[in-house]
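As structure tokens, the structure follows; a few thoughts come after it.
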Amino acid sequence: MDEFLQTVLVPGLADGAIYGLVAVGFATLFTTTGVINFAHGQMVMLMPMSVLVAVGAGLPVWLAYVAALAVMVVVALTVEWTAVRPFVQSGQSASWLLSTLAVSVVLAELLAVPYSGESRNFTYGVSKHRFDLAGLAVSPAELTAVAALFVVAGLLVVFYRRTRIGLELRAIADDLDGAEAIGISRARASQIATVLSALVAAVTGVLVASTQLVTPSLGLSYTFYGFVATAIGGMGSIGGAVAGGLVIGVVSQFAGVHVGSLTVNLTVFLLLVVVYVVRPHGLFGAAPVRAV
Amino acid sequence: MSYRLSALSRALRAAAARGHDATPAPVRRVLARPAAHSAALLVTATALLALWGPLSYNGYVLQLVCLYAVATLGLNITTGYAGALSLGQGASFAIGAYVTAVLVVSHGWPIWAALPVAALAGLAAGALAGFPAGRLGAIGLAMMSLGLMLVVNDMLIQFQSVTGGNNGLAGIDARLWFGGEPVSTPWVVAIVIVVVASVSYWLHARYRTSRLGRATVAVRDEPIGASALGVSGYLTKVVAFAAGSALGALSGGLFSFLSAYISPDAFSSNLSILFLVMVVLGGSGSRLGPVVGAVLLVLIPLRLDAYPHLNNLLYGALLIVLMRLRPRGLFSRTAAPAPQALRDLAATPEVEVPERAPGEPILKVTDLRRSFGGVDALGGVSMELRRGEIVGLIGPNGSGKTTLLNVVSGHYPPTAGRITLHGTDLGGLGAAAVAKRGVSRTFQTPKTFPGMSIEEHLALPAVHGERDEAMRDACRRGALTLLELGGLDPHDPAAGTRESRVMSHGQLRFLEAAMALGTCPEVLLLDEPAAGLSAAEIEGFERVVSDVAAAGVAVVIVEHHLDMISRLVDRVVVLDLGTVLWEGEPGDLHSVDSVRAAYMGVA
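These protein sequence lines map, in sequence, to chains A and B. Numbered per the numbering used here, the first sequence spans residues -18 to 273. Numbered per the numbering used here, the second sequence spans residues 976 to 1578.
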């Protein structure tokens, strides 16, 4: 049992928290714009890469973080303008799938430029040195990841329910034309949602880098894992994203330890198939009431 | 600049139209056939190959273009025809390449046996992936295929005893017989590649004009409208996935023979995206587009090979620009001809219209209920419809008229109650199944198929079950009259190429009604057919409805034009708050107080 806790549950929940954060990032953009950003995995990688490059250029670490956040916001606004805004709540998923996929190709290639795409160690995040906590070896990075998932998800839920801007974003999601008619700007809503999602990606990125090597090419895998978490939880549901991410983290860790590291993707893929066959709208998602 | 570009494109179009008009009609028909394109492709590629030689650099590039075109054509079936965005074509390509390589290297299979097996492997993989994916929207499909690609890349390394792991497999030579000596000439592989590309083009174009292909595109454009014509969506998606994946795997097999050595590096996720960009650039859903996309995206990157990163940046940037400026690609026309349907329609003889005389009851609705959440849209509706009868369904907005149509046509399952057609229960059947039993309908906003030609719209509906000759002819005659009313000339040569996306609302309404009559229904449900039509158009429409009813079609018409109702129908049913308020002859309608209060707003 202890063995299971140590080798599967602790690292599984930590990984799962990261997948959950990716899914929360998806949900943030999706609820307002109806767009899932295929470049979100690359956005996650962009944060630690920017910090690494900035530190490499001689900036102190705190300034490197500020610069990296600035890069995230600028890139997010560019992505929003090129690939998200034209398709806000358009219902034409093929268009935004392709446009955000295109952005992911460009970002992945740009990320491969600084260190020729090789993995780098990241030492400016949360410590990954494990200590003893009630008989289990855990690292501050792992604890932070799980805490960050709940804090970020909680903050977003409060934001959507309690603030005026959050309400406006939800209005855009429910009825674009109606919301525009009463003076809510589609462009601004889409920009806010994208930047929020990028900030979630920034937090995710630092946590990814704190628990493992920074590998730019892993962006697409994170997109996939985050999406499976979304599919399990239900599209656009923040609570569902949290649950879905944790489930995937533990299941994939179990497969990695007990079956083999090359079966991790396979396990997650099969999980996706099962979800689609059994509950196509996810655990917390609802089927649309009226179709015609 | 943009002015000059548009002038240029106008000039090109005009020149093309002149050339088109100057060509004699029989020649034109031959040139329009996919077989002609396919033959032209074969001749051109073979000639170039003879000129350059298969071992030259140009010869190699030509073969690369041809084999990539095969995968791209396959992806066009999945993504273009079925609208299912697949990020997994690279996975099919890898499966085909490895199946071929293992069969050839480890078992000494000949080229003619290895390639079909590779294609079959792709077919199986595509069907497996499509089976759960067929129920999903575009996002689910994209993610499934993305996952498949990640899994296939892992498996190539996992099963290294078979696949050679990271070292790959070498010595993939073409043989002519099992265990034979490898052939020494490069011409065998080159000719196979060119022939397979040409045949693939033909198959892919034929797929589009087949009944299945037409159904596939209809489901892509408007799944609800397709279901109302008896076309169900699930299978079209699964088959498109399987067929596309088979061509992808075939292409991978050709790649194995061309490069003679394969390793997992050759099958990165970028390959899938490359195929996708080829399809989108060429024109997703068009027939010639994928070939052009493959040519451009093999040739341009080869020029950029010297600069690292530039290639992938270029694909990405190209795709972004395309989605903003020309999302439908270079060849944006997806319509296909289907001349037989219009010819049949135009050849229908004039029919004698008999007196209208309602016959025996055929559709019976008993205590039908339907609720949405807590709201009872239908709270126990019972009514009967007789053969050849026209019933007008009226009532205030929100009274449940459209919901009643939606439940009867199978678009919503009833919460409780029975619907029977000729005594057989329709409750619980899906929309397509109900349509096949002879219930046809139109929608408040016409549901037509924007990417299909007028001819194809009319080829789509099929008659299921037995109908007598007179009724069949009356339906066809009615459909023809509707087309004429909508200003759609059945003899117009553009009917095979003009897409319904460019047509006006009124035309779409008539086209939709003509499609509904195309199934020669026993029961026809019309949802506000007169909305947005002029007085003359309404009058023509009434005549058609009256004529088909006289021939035996039972009609339910939901309408707010009370004078149209009083002229046309045999019986009026007034709905209010989900129940039947009143039922009777249209002449008595105005004298009933409860109807006046609920509907006309006067006491």
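From the three backbone atoms N, C-alpha and C, an ideal C-beta is built for every residue, glycine too. Keep in mind it's a predicted model, so treat the numbers as computed, not measured.
G1122(B) and E1359(B) have their C-alpha atoms some 52 Å from each other. With distances taken between CA atoms, L114(A) lies nearest to L(-14)(A) out of R260(A), T244(A), L(-14)(A), L253(A). In terms of Cβ geometry, G1268(B) and G1260(B) do not form a close pair [threshold 8 Å]. Non-local beta-carbon contacts of V1137(B) in its own chain, meaning distances under 7 Å to residues more than five positions away in sequence, involve V1077 in chain order. Cβ contact annotation for G1402(B) (same chain, cutoff 7 Å, sequence separation greater than five): P1389, R1393, I1394, in chain order. Under the Cβ distance rule, G1291(B) counts among the residues neighbouring chain A, one pair being separated by less than 8 Å.
Around M30(A), the same chain offers L92 as residues with beta carbons nearer than 6 Å, after the five sequence neighbours per side are excluded. Using a CB distance below 8 Å, the part of the stretch 196 to 208 of chain A facing chain B consists of L201, S202, T204, F205, F208, ordered along the chain. In the structure shown, the three-state DSSP call for P1324(B) is coil.
In this structure, L1048(B) keeps its C-beta atom at 8 Å or more from the C-beta atom of Y1209(B). Note that the C-beta distance between I(-1)(A) and F7(A) is not below 8 Å. Judged by DSSP secondary structure, W1557(B) falls outside any alpha helix (DSSP H) and instead within the beta strand (DSSP E) spanning 1554 to 1559. Neighbourhood of N1141(B) in chain A, by CB distance below 9 Å: empty, with the nearest CB roughly 12 Å away. The beta-carbon of E(-16)(A) is placed no less than 8 Å from the nearest beta-carbon of chain B. L1023(B) is bridged by DSSP to nothing; it lacks a bridge partner. Residue contact with chain A for D1196(B): absent (no Cβ-Cβ distance below 8 Å to any residue of chain A). It is roughly 57 Å from the alpha-carbon of P1001(B) to the alpha-carbon of Q1135(B).
In the DSSP annotation of this structure, the continuous segment of the alpha helix (DSSP H) that includes T204(A) starts and ends at 200 to 214. Residue burial is scored here from C-beta neighbours: E(-16)(A) has fewer than 16 other C-beta atoms within 10 angstroms and is therefore classed as exposed.
Distance check between R1476(B) and each of T1423(B), R1518(B), R1452(B) places T1423(B) closest, using alpha-carbon atoms only. In the structure shown, the three-state DSSP call for F1347(B) is strand. Using a CB distance cut-off of 8 Å, L1401(B) does not count as an interface residue toward chain A. Not a single CB atom of chain B sits nearer than 8 Å to the CB of S31(A). The beta-carbon of L27(A) is placed no less than 8 Å from the nearest beta-carbon of chain B.
Taking a 10 Å sphere around the C-beta of A1311(B), we find 16 or more other C-beta atoms and assign the residue as buried.
Not flagged as an interface residue toward chain B: P95(A), since no C-beta distance is shorter than 8 Å.
Judged by DSSP secondary structure, R1004(B) falls within the alpha helix (DSSP H) whose first and last residues are 1000 to 1007. Cβ contact annotation for F140(A) (same chain, cutoff 6 Å, sequence separation greater than five): G147, in chain order. One Cα belongs to V1366(B), the other to L1225(B), and the distance between them is close to 56 Å.
At least one beta carbon of chain B lies nearer than 8 Å to the beta carbon of L243(A). In this structure, A1046(B) places its C-beta atom within 8 Å of the C-beta atom of G1223(B). For L82(A), the residues of chain B that pass the 9 Å Cβ criterion are L1060, L1062, A1117, I1248, L1251, G1291, L1294, in the order they occur in the chain. Taking 8 Å as the cut-off, the Cβ atoms of L194(A) and L2(A) do not count as close. Residue-level contact check: N246(A) touches chain B, since one or more beta carbons of chain B fall below 8 Å from its beta carbon.
A distance below 7 Å between beta-carbons, with the five flanking residues on each side excluded, links V138(A) to the following residues of its chain, in chain order: I219. Contacts with chain A at 8 Å (Cβ-Cβ) do not include R1484(B).
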